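Numbering (numbering that gives the first Met the number 0), first residue to last: 0 to 357. We treat Cβ as the ideally placed atom computed from N, Cα and C, and that holds for glycine. Computed from a predicted structure; not experimentally measured. The structure appears right after this line, and notes come after that.
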Amino acid sequence: MLEDKPELYRGLTYPWGRGVNPTPGEPEKIAEGIYWARFPMPMSLDHINIWLLEDEDGWTVVDTCLNIASAREIWEQLLSGFMQGKPVKRVICTHLHPDHVGLAGWLTERFDCELWMSREEFLMCRAMAGDTGSSAPDVAIRFYQGAGYTEEQLERYRKKFGNFGKAIAPLPHSFRRLVDRETITIGDRYWQIVVGSGHSPEHTALYCPALKLLISGDQVLPRITPNVSVFPTEPEGDPLKEWLRSSARIRDILPDDVLVLPAHEAPFYGLHVRMTQLIEIHKRDLNKLFDHLSQPRRAVDCFPALFKREIGDGSLGLATGETLAHLNCLLGRHRITRTGDAQGVDWYEQIPETAEYD
Ligand SMILES: [Zn+2]
0 MLEDKPELYR GLTYPWGRGV NPTPGEPEKI AEGIYWARFP MPMSLDHINI WLLEDEDGWT
60 VVDTCLNIAS AREIWEQLLS GFMQGKPVKR VICTHLHPDH VGLAGWLTER FDCELWMSRE
120 EFLMCRAMAG DTGSSAPDVA IRFYQGAGYT EEQLERYRKK FGNFGKAIAP LPHSFRRLVD
180 RETITIGDRY WQIVVGSGHS PEHTALYCPA LKLLISGDQV LPRITPNVSV FPTEPEGDPL
240 KEWLRSSARI RDILPDDVLV LPAHEAPFYG LHVRMTQLIE IHKRDLNKLF DHLSQPRRAV
300 DCFPALFKRE IGDGSLGLAT GETLAHLNCL LGRHRITRTG DAQGVDWYEQ IPETAEYD
């Protein structure tokens, strides 16, 4: 059972402390009919929170973990133990990332139930999974060349390409679409769909006014700043603009006194503070990047402006995507220029007269 142990940290209140860590296979009760299961993952982000919602004679589950043996084992343990052999009636995925969608196909097939997801997340997930096993397209190579990758770094990208589908069980061929601001019924509760964009194209959070709960997926995380990246599929995209807009909108339309149930780390109070923090972090980063571009630089030269840590091979892809998101945002605001050189590398430079712009 969760023990009341309110911890105030950086403006957020964690009712059960920041370090609370439910044992896998033994979900914790959050509210009547709402349970928190934690699944460990073998990576630096070492767990995901899965939400189990009582749904009449069965369960609705929100997010599913990676398609790995250890996660399937935890599901087996939950299904026969805590979930009392009752069926999964519906699988909801907040977004397309493998830690969320990994076992959705496995669960929906096993229980012959529907996958509920927003349309862009579903279609994008199927498209990305479709690349599994194929080789990296030329446009993607040119994209990373443009960012300033060395030949060695490009080679590592080629080797890693097409891995997305390996971490997810094949998705079903049809789905039930979730639409922004619609209200769905789970058990005897109403939940409102709240779509955000930037971390993924059409991320779905779920808000229950009666219980004052927000299942926030990766849209709102307490400590980590959710990754916002530009990828070769849409080189001119401006996901950071969408992210900033979504974050402000979530702060506008949802009350502050909800308990946020994030996909990673511990539940917390302080939604509005957190949204403001996330917006301010990116605004600060945009300004730091602008200052850094007082001379022409490539995307890979911009890491020191955005990241405190050294960017090694393991984090190069994410750091590049995140840097390009900030660069595209500044380009969209006409605060910097981009010039391609004869080698196909892009150089960015500030427009000094825009220093006062926000
Ligand atoms: Zn994610």
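- Non-local C-beta neighbours of residue 130 in its own chain, meaning closer than 8 Å and more than five positions away in sequence, comprise 160, 161, 163 and 164, ordered along the chain.
- Distance from the Cα of residue 92 is smallest, within the candidate group 158, 171, 2 and 142, for 171.
- In the structure shown, the three-state DSSP call for residue 294 is coil.
- Residue burial is scored here from C-beta neighbours: residue 197 has at least 16 other C-beta atoms within 10 angstroms and is therefore classed as buried.
- The beta carbon of residue 98 sits closer than 8 Å to at least one heavy atom of ligand 1.
- Ligand 1 has a heavy atom closer than 8 Å to the beta-carbon of residue 262.
- Comparing alpha carbon positions, the residue from 18, 56 and 115 closest to residue 83 is 56.
- In the DSSP assignment, no residue is bridged to residue 15.
- Proximity of the region 296–310 to the region 139–157 meets the contact definition, three or more beta-carbon pairs being nearer than 8 Å.
- For the 9 Å CB-CB criterion, residue 288 and residue 213 do not form a contact.
- If you check the C-beta of residue 66 against ligand 1, you find no heavy atom less than 8 Å away.
- Residue 187 and residue 220 have their alpha carbons spaced roughly 27 Å apart.
- Under the Cβ criterion (8 Å, minimum of three pairs), the region 326–339 does not count as touching the region 265–273.
- Nearest Cα to residue 86 within the set 68, 109 and 353: 109.
- Take the alpha-carbon of residue 178 and the one of residue 52: they are about 20 Å apart.
- If you draw a straight line from the Cα of residue 317 to the Cα of residue 136, it comes to about 19 Å.
- Remark: the shortest separation between the CB of residue 225 and any heavy atom of ligand 1 falls under 8 Å.
- When distances are taken from the beta-carbon of residue 216 to the heavy atoms of ligand 1, the shortest one is below 8 Å.
- Remark: three or more beta-carbon pairs, one from each stretch, lie closer than 8 Å, so the region 278–293 and the region 341–357 are flagged as touching.
- C-alpha of residue 78 to C-alpha of residue 25: approximately 11 Å in a straight line.
- Between residue 90 and residue 120, the CB-CB gap reaches or exceeds 9 Å.
- With contacts defined as CB atoms closer than 9 Å, residue 44 and residue 19 fail to qualify as a contacting pair.
- Short of 8 Å from the beta carbon of residue 211, and not among the five residues preceding or following it, lie these beta carbons of its own chain, in chain order: 254, 256, 257 and 258.
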